[in-house]
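Trainee: One structure, pasted below without further comment.
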Amino acid sequence: MVTPIFQILDYQQALDFYIDWLGFRIDWQDQSVRGPLYMQVSRGGIVLHLSSHPEESCAGAKAMAEINGLIAFHHMLTQKASAYPSPVLQKTCWSDKVMQVEVTDPFGNILVFAELCA
């Protein structure tokens, strides 16, 4: 298993994006008193680490995750009242048999959800 580490700069913005909008859940978090935050969030089989440790990650990372039910997931995102741009459901440039939805978090990290379509 590979777990991407995305840098976050603001805890509340991270919660709004990953938990409230994308529907991830917090599995665990670690933070010393006034120290940097490190946490794991997940949605189904997708696991991400979010870190405010500047030396452990850099903003602008990109990861692709396979997801079942991409069309329903896309519909859920577009129906939620959100400050985030409505993502586009589209075929990938590398295969007309794979659909994807790409979202960018408030810190410049990109998460691509993809599903093989018939």
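This note's numbering puts the sequence shown at residues 1401 to 1518. Quick reminder that beta carbons are idealized off the backbone N, C-alpha and C, glycines included.
(1) Give a yes or no on contact between the segment 1466-1486 and the segment 1430-1437, applying the rule of three or more CB pairs nearer than 8 Å.
(2) Expressed to the nearest angstrom, what Euclidean distance is found between the alpha-carbon atoms of Asp1534 and Phe1424?
(3) Can you tell me whether DSSP reads Asp1505 as helix, strand or coil?
(4) Leaving aside the five residues before and after Ala1518 along the sequence, list all residues of the same chain whose C-beta is less than 7 Å from its C-beta, in chain order.
(5) For Leu1415 and Cys1493, what's the separation of their Cα atoms in angstroms?
(6) If you scan the segment 1423-1456 from start to end, which runs of the beta strand (DSSP E) of 3 or more residues do you find wholly inside it?
Mentor: If we stick to the structure as given:
(1) no
(2) Beyond the ends of the chain as shown, which are 1401 and 1518, falls residue 1534; an answer cannot be given.
(3) coil
(4) none
(5) 31 Å
(6) 1425-1431, 1437-1443 and 1446-1451
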